[in-house]
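Novice:
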Amino acid sequence: MSVSNLNNLKLYESFMDSYTRKINEATFNVPFKGVRIGNAKRTRLAQINLKSKIITFSRYAIENVPERGRRYLVIHELAHVIEPSHNKKFWALVKRYEPDYKIIEKQLEQAFVKNVKQANYNEKKKIIKNDPGLFSVAEDLTLSFFKNESVASGGFVKAVQLKFEFTEFI
Ligand SMILES: [Zn+2]
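Throughout the sequence shown, residue numbering follows the working numbering, covering -11 to 158 in sequence.
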């Protein structure tokens, strides 16, 4: 991980720590120790360890998301301190502080997916920047691949894959 990435994570962490404390004081006021920022792209947007009382947020669920979505995520995790399962009691707790949680949750999930796509795209761009040869192969791809013209090299196959994955985001 690069230094700037590490600094960003520390920045998010201290921001989310005081943000979560503020929301907790104004809502459930449950015991809560602190936050961690993770890089989860597929798993849950956030989760609380009920033993350590530490909430781990995926960075993709807290940056470039609607403010109300971020607030909802905090309320959701804090409510788990009172009720660990997603049962009726749990949703009643969440609803107390976010009556529109169903809509807000959907919007947050959409923002999360968008952020993950953007991050994947940026990573691919970095690969291409570090390997311009691969990019020119990927750019010059024609139907020759499907005509079975000398396509055995691993680099070429990698370029084909990259081209297809890359175009998804353009
Ligand atoms: Zn939950």
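Think of the CB as a built atom: it goes at the ideal place given N, C-alpha and C, for glycine as much as any other residue. In this text the structure is predicted, and so the values were computed from the model without any measurement.
1) Between Asn(-5), Pro19, Arg9, Leu33, which has its C-alpha nearest Phe100's C-alpha?
2) For Ile50, which residues from the same chain have a beta carbon less than 7 Å from its beta carbon, with the 5 sequence-adjacent residues on both sides left out?
3) Do Glu65 and Ile42 count as a contact pair if the criterion is CB distance below 8 Å?
4) Return the chain-ordered ranges of every alpha helix (DSSP H) run that is complete within the region 63 to 108 and spans a minimum of 4 residues.
5) How would you call Thr31, buried or exposed, if buried means at least 16 neighbouring beta carbons within 10 angstroms?
6) Tell me the DSSP secondary structure of Ile50 in three-state form.
7) How many whole angstroms separate the CB atoms of Tyr48 and Ile63, which I take to be in contact at a CB cut-off of 8 Å?
8) Buried or exposed, going by whether 16 or more other CB atoms sit within 10 Å of the CB of His74?
Specialist: Result, derived from the coordinates:
1) Here the question's residue 100 lines up with position 112 in the sequence shown. Minimum Cα-Cα distance from Phe100 among the listed residues Asn(-5), Pro19, Arg9, Leu33 corresponds to Leu33.
2) By 1-based counting over the sequence shown, the position of residue 50 is 62. Once the five neighbours on either side are set aside, the close Cβ partners of Ile50 are Tyr0, Met4, Arg58.
3) Indexing the sequence shown from 1 puts residue 42 at position 54. Indexing the sequence shown from 1 puts residue 65 at position 77. Not a contact, by the Cβ cut-off of 8 Å.
4) You should have 76 to 85.
5) Against the sequence shown, residue 31 aligns to sequence position 43. Thr31 should be labelled exposed.
6) Within the sequence shown, numbered from 1, the residue matching residue 50 stands at position 62. Coil.
7) Residue 48 sits at position 60 when you count from the first residue of the sequence shown. Residue 63 sits at position 75 when you count from the first residue of the sequence shown. Distance from Tyr48 to Ile63 at the Cβ level is roughly 19 Å; contact not present, criterion being Cβ atoms closer than 8 Å.
8) Looking up residue 74 in the sequence shown gives position 86. Under this definition His74 is an exposed residue.
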